[in-house]
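To convert, note that position 139 of the sequence shown is 205 in the numbering used here; the numbers rise steadily by one, no gaps.
Take a look at the structure set out below.
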Amino acid sequence: MRSLRVTLCTGVLAAVALTPAAYAADEGGISVTPAVPTPGTDVRLRVSDCAEQTAVAVSAAFVTDVTLTATDGVLVGESRVRSTLTAGAYAVKVTCGSSDRTGTLTVAHPAHKPSAPASPVAPVEAGGGGTAHAAAEDASGTGPGTGHAVTGLVLAGAAAVAVARARRSRGTS
67 MRSLRVTLCT GVLAAVALTP AAYAADEGGI SVTPAVPTPG TDVRLRVSDC AEQTAVAVSA
127 AFVTDVTLTA TDGVLVGESR VRSTLTAGAY AVKVTCGSSD RTGTLTVAHP AHKPSAPASP
187 VAPVEAGGGG TAHAAAEDAS GTGPGTGHAV TGLVLAGAAA VAVARARRSR GTS
């Protein structure tokens, strides 16, 4: 029984560790990580409750419009906050099919302002003989997601229960 408690506690700690540290969510189902970025910061957008496979997010805070694609039932995409922005709230508009959703992105003051912009203020096609865009698309879907983490935790818990039962049936603990 003790090993079962240890396994459950370990699973809870792993789930907490895999949860994003901060995100901002609006009533439109738009969330941004990190919750309050500074100018020049890369951000990840998530939009829930949209049946479309793609959508577009537009904001004066972003270097360029963000194409969102479906991943595990949620639309996701990444952008960069313009390095020339001043702190404040910026509207984010997501076009999902025939409907629009709006949210707010709050940009904070950086601790110190760099002497040169940290990022371009427009899209830059660089390197790879025109393959940079394709390489970025290929890389965006790699790595385990939340579903994989949950599946791993469930399998680890099931294995721990099986070991505990086997030990109990042999009379060892």
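Idealized CB from N, CA, C, for every residue including glycine.
Whole-angstrom distance between residue j and residue i, CA atom to CA atom
i, j, result
"Ser-114", "Thr-170", "15 Å"
"Val-98", "Asp-166", "17 Å"
"Asp-131", "Tyr-156", "14 Å"
"Thr-172", "Val-147", "11 Å"
"Ala-230", "Leu-221", "14 Å"
"Leu-111", "Leu-151", "18 Å"
"Ala-228", "Gly-95", "40 Å"
"Ser-235", "Ala-226", "14 Å"
"Thr-133", "His-214", "24 Å"
"Pro-103", "Cys-162", "24 Å"
"Ala-232", "Gly-143", "46 Å"
"Asp-138", "Gln-119", "11 Å"
"Val-160", "Val-124", "6 Å"
"Cys-116", "Gly-237", "53 Å"
"Val-158", "Thr-168", "6 Å"
Bounding residues of the beta strand (DSSP E) (the contiguous stretch that carries residue i)
i, result
"Arg-148", "No beta strand (DSSP E) contains Arg-148, which DSSP labels as neither H nor E."
"Val-113", "108-113"
"Thr-99", "96-99"
Bridge partners - residue i, DSSP secondary structure assignment
i, result
"Cys-116", "Answer by DSSP bridge pairing: none, since Cys-116 is not bridged."
"Ser-165", "Cys-162"
"Leu-171", "Tyr-156"
"Val-142", "Arg-112 and Thr-135"
"Ala-121", "Leu-134"
Residue range of the alpha helix (DSSP H) that includes residue i
i, result
"Ala-127", "Per DSSP, Ala-127 belongs to no alpha helix (DSSP H) and is neither H nor E."
"Val-102", "It is not in any alpha helix (DSSP H) - Val-102 carries neither H nor E in the DSSP assignment."
"Gly-211", "It is not in any alpha helix (DSSP H) - Gly-211 carries neither H nor E in the DSSP assignment."
DSSP-derived helix/strand/coil call for residue i
i, result
"Ala-177", "coil"
"Gly-223", "helix"
"Gly-237", "coil"
Cβ-heavy atom distance, residue i to the ligand ADP, below 6 Å
i, result
"Ser-97", "As presented, the structure is devoid of all ligands, the ligand ADP included, so that no description of it is given."
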